[in-house]
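Novice:
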Amino acid sequence: MSLENVIRKIIGKDSFHLSEEVPITYVMRKGKIYVAGLIRGFVRRFSLKENGKRLFLGKHVKTIVPSKIYLGSNVRLEENVILDALSREGIHLGDRVKIGENSKLLCTGSLHDIGKGISIGNDTSFAENTFFGAAGGIEVGNDVISGQDVRFHAENHNFSDKEVLIRNQGVSRKGIKIGNNVWIGSGVVFLDGAQIGDGCVIGANAIVNGVFSENNIIVGAPAKAIRKRF
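In my numbering, the protein residues as written are 1 to 230.
#1: Report the CB separation of I69 from K98 in whole angstroms; it is logged as a contact under 8 Å.
#2: What residue range does the beta strand (DSSP E) around F132 cover?
#3: Work out the CA separation of E4 and C200 for me, nearest whole Å.
#4: For V46, name the three-state secondary structure that DSSP assigns.
#5: Can you give the beta carbon distance from G136 to K116, rounded, assuming they're within the 8 Å contact cut?
#6: If we count Cβ pairs, one from each stretch, closer than 8 Å, do we get three or more for the region 65-81 versus the region 98-110?
#7: Distance, Cα to Cα, D143 vs V171?
#8: Report buried or exposed for L57, applying the criterion of at least 16 other Cβ atoms within 10 angstroms of its Cβ.
#9: Under three-state DSSP, which class holds R40?
#10: Let me confirm a value: N74 is counted as buried when at least 16 other C-beta atoms fall within 10 Å, else exposed. Which label applies?
#11: Can you grab the Cα-Cα spacing for the pair V211 / G141, in whole Å?
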């Protein structure tokens with residue numbers, strides 16, 4: 001069996017291709033890190049509510065309320081990721097989901113009214129420093145790719161009464177929904193109520209709070225659809 005086929009089997013991706021320019025020493029270094037992560041995942045997996053085959057955990061991954069965490073197969077949680085699953089529905093990650101280093105999945109912002117939770121589909125990947133504030137619920141589809149420093153804020157503070165302190169006016173929650181096959185650029189911010197249709201592309205640093213149909217290219221602050229992909 002070739003090295004490429006071994007890697008395909010380990011990571012669970014039949015489409016994986018190993019470039020001829022990658023030196024074997026680099027593969028061995030990455031392989032050592034991956035094996036260590038699999039060992040950590042094997043030890044920790046028994047505390048979770050549900051998990052599939054092969055869980056990779058980087059160093060210093062924290063799982064809070066693990067009885068509310070549901071993971072598919074070949075999930076990869078890189079270094080310093082935090083999963084705080086205190087919520088009504090918990091955290092659901094599909095098969096082959098990757099969460100990049102220093103990312104936080106936080107389901108509840110207040111203990112007197114716990115949040116809804118997070119659901120992420122198969123083959124979806126988020127890069128480093130992604131923040132999920134999921135009090136109002138966050139739903140992400142399959143085959144989504146996302147750059148660094150993306151933020152989700154599925155909750156808004158009410159502020160319409162000038163006689164009452166903003167912090168005492170409570171919150172509203174609509175939730176955030178991202179469709180399938182979406183590309184999210186670096187630095188994008190999703191505000192409560194944002195809905196993105198299948199096949200959309202969102203430009204870097206966009207601030208998204210509207211509803212967008214499928215296959216739109218979305219840019220700006222506030223975000224606007226400038227044209228269709230096709």
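Just so it is clear, CB atoms sit at the ideal spot from N, CA and C, and this is done for glycine as well. Everything numeric in this text was worked out from a predicted model, so none of it was measured.
Specialist: From the atom records:
#1: I69 to K98, Cβ: 16 Å. No contact.
#2: Segment 131-133, the beta strand (DSSP E) holding F132.
#3: Each residue's CA atom was taken as its position, placing C200 and E4 some 32 Å apart.
#4: Looking at the sequence itself, residue 46 is Phe, so the reference to Val does not match. Three-state result, F46: helix.
#5: So it is a contact: roughly 6 Å between Cβ atoms.
#6: Enough Cβ pairs lie closer than 8 Å, so yes.
#7: In this model, D143 and V171 are separated by some 32 Å (Cα to Cα).
#8: Answer is buried; the Cβ neighbour count reaches 16.
#9: Here R40 sits in helix by DSSP.
#10: The residue in question, N74, is buried, as its Cβ has 16 or more Cβ neighbours within 10 Å.
#11: V211 and G141 have their alpha carbons spaced roughly 16 Å apart.
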